[in-house]
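This report refers to the structure that appears directly beneath it.
Chains as they are written, first to last, in our numbering: chain A, 1 to 339; chain B, 1 to 339.
Following this line, the structure appears as structure tokens:
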């Protein structure tokens, strides 16, 4: 597999990105190539400082002179910075020179670039971003968390299809229970789009659909797949991040007030929990529905996340999930307009 | 103040509701009356078992023979069960026989009944539910969390106005920082409604508007007031509830695996945290924008929450916040259609 990696994306680029790439090399197959995209001279000097000649076969550098900042407007940036690492990376995929792309840079720009250049899988109306929430009751796949903030019923249906294939193939869940995020369990609850989406999903007997789920259900083991609008999903993702951080800070504060000894005893427990339920383990989020494999990493990604993203990208590609999505949708009678 | 209390609402009605009413009596003014709404015979027998003759002056019972179940469709239930405790309670307010209403019953039915019978404050297009999140950085007021799942820009603006008055008067925050929930900090982020709402709020110089906030910001002390669509707010509210519960369960599980001694030492810390950051302290959520004071309690409310809801209801009423809302909106140049 040929993976194009945005060497300039994220808060710790390029060093942590390059370190992640190097850490992943021992785990690659001999046919795999990592294509590092960014200013060639800079990348070369960084790599030579790390004394990397022995990995020469696995690594290729493709020059890209510009960088899209984390706060730039996605569409504008993609249009204006045609030689940015994100633009060049997705162009490689579009031209058939890369099978997958990975970036920890500006998420909006990366999603926009993938959509514009790589095009959708046949049958997919709009791509969606899927993330995995590692919960006490098992991993929950949520889609969409930010690619599509004006979801139509057909988009929800296709997110359910794609997330099920993700959950089955990557997480090994044989018959994932699919819920749709709403504001009450009863069928009557939810806005019009959610209600229509529910009917569409319900009409596919191959989906193990459990109906509405509420915010609290994600962490209660009620479903394996949670489908939602990109606006709602993005709020959920970031809220979870902020709340978990805040709560641990709070607990630390309270324990410190009690005793230093207790704080000292508690620390390894927290560390163990972080390891067990660390979303960095999943490497990032997948933009599902585009031709090729696109992994989007958190802006704060360090080398371990990048390494895991490369692993996830290979796994997704090698399992042929995109082919399965195309096949499933071709056989499904459920069609819908995106407008 | 005359407060009508739905004696039959919630998972622990009527006992916990009546207990809460009784616990609140020592804190009432001599002019205050609690009107218990529900099957008169049942309530009387419960009260006489509690030997309550000495409080006779403070308590009144109004008969209502029906009860709306927690899972019934709100609009249907309100239409069909005209003698339900929720219907009768809101009718008392509509007829000028009660100044405030409190229910731990079916939230949707309570909101619908208040809107239908009590009507909106002059100038308010749509009421919204405000809750307070007790965070490490201070209390954050969020509105709307479920009354209005198809918010128009004008609704967002009015939620900002009402929540500011809530935050100032009830929480003592002099100049509350107002954020609007979106999916990125930059102005360009968000859906069309949110973008238009942002312009409306920004155009009122009396609001200390900080622009977009993300899910993570609620717990990071970035704002005092968070404005959002009722769909998003409801997901946020329930997610927070589920995540906090799940996380504490997880921590308990991990500590127990480490040592019983540590678990035993940790327990009082958790209890203290629960006390400090307990949303039950706030008694419930306020349906802001209707004529009268409407407090909506969680279905799982026990006596302490009901007691606190009665306190919150009195405080809101006595501070004259509804009058302030009316005055503010009358003076504001910002108007908008609700369609």
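Yeah, the Cβ is synthetic: ideal placement off N, Cα and C, and Gly gets one too.
I'd like the list of long-range same chain contacts for residue 24 (chain A), defined as Cβ closer than 8 Å, with 5 residues on each side in sequence excluded. 34, 306, 307, 310 and 311
Measuring CA to CA, which of B:297, B:137, B:141 and B:164 is closest to residue 108 (chain B)? B:297
Let me know the alpha helix (DSSP H) ranges lying completely inside the region 227 to 273 of chain B, each 4 residues or longer, listed in chain order. 230 to 258
When we look at the beta-carbon of residue 198 (chain B) and count the other beta-carbons within 10 Å, is it buried (16 or more) or exposed? buried
Output the distance between the C-alpha atoms of residue 171 (chain B) and residue 132 (chain B), rounded to the nearest integer angstrom. 9 Å
I'd like to know whether the C-beta atoms of residue 166 (chain A) and residue 193 (chain A) end up nearer to each other than 7 Å. no
Just to confirm before moving on: does the CB-CB distance between residue 291 (chain B) and residue 121 (chain B) stay below 7 Å? yes
Same chain, Cβ closer than 7 Å to residue 346 (chain B), five either side skipped, listed in chain order: Residue coverage of chain B in this structure runs from 1 to 339, which leaves residue 346 (chain B) outside it and unanswerable.
For residue 340 (chain B), return the contacting residues in chain A, with the cut-off set at a CB-CB distance below 7 Å. Outside the shown range of chain B (1 to 339) lies residue 340 (chain B), about which nothing can therefore be said.
Spatial neighbours of residue 189 (chain B) in its chain, beta-carbon cut-off 8 Å, leaving aside the 5 residues before and after: 182, 183 and 212
Counting only the same chain and skipping the five closest in sequence on each side, list residues whose C-beta sits under 8 Å from that of residue 366 (chain B). Since the first residue of chain B shown is 1 and the last is 339, residue 366 (chain B) is not available in this structure.
Could you spell out the range, first to last residue, of the alpha helix (DSSP H) harbouring residue 77 (chain A)? 74 to 80
Residue burial classification, residue 29 (chain B) (beta-carbon count within 10 angstroms, cutoff 16): exposed
At the 7 Å Cβ level, is residue 273 (chain B) part of the contact set with chain A, yes or no? yes
So what does DSSP say about residue 323 (chain A), is it helix, strand or coil? helix
Answer with yes or no whether the minimum CB distance from residue 226 (chain A) to chain B is below 7 Å. no
Suppose the cutoff is 8 Å on Cβ atoms and the five residues either side in sequence are ignored; what does the same chain contact list for residue 134 (chain A) look like? 276, 277, 278, 279, 281 and 282
Just to confirm the assignment, what range does the alpha helix (DSSP H) spanning residue 223 (chain A) have? Looking at the DSSP string, residue 223 (chain A) is not in any alpha helix (DSSP H), and its letter there is neither H nor E.
Alpha carbon of residue 41 (chain A) to alpha carbon of residue 196 (chain A), nearest angstrom: 53 Å
CB-CB under 7 Å to residue 175 (chain A), same chain, minus the five flanking residues each way: which ones, in chain order? 208
Look at residue 164 (chain A) and residue 225 (chain A) and say whether their C-beta atoms are less than 7 Å apart. yes
Rounding to the nearest angstrom, what Cα-Cα distance links residue 130 (chain A) and residue 320 (chain B) in this structure? 47 Å
Using three-state DSSP, classify residue 130 (chain A) as helix, strand or coil. strand
Restricting to Cα atoms, I'd like to know which of A:104, A:95, A:78 and A:45 is closest to residue 13 (chain A). A:104
Sequence-distant residues of its chain with Cβ nearer than 7 Å to residue 44 (chain A) (five each side left out): 61
Tell me whether the region 225 to 243 of chain A and the region 226 to 236 of chain B touch, counting them as touching only if at least three CB pairs, one residue from each stretch, are closer than 8 Å. yes
Beta-carbon gap between residue 111 (chain B) and residue 84 (chain B) smaller than 7 Å: no
Using a Cβ-Cβ cutoff of less than 8 Å, which residues in the same chain neighbour residue 99 (chain B) once the five nearest sequence positions on both sides are dropped? 1, 2, 3, 93, 292, 293 and 317
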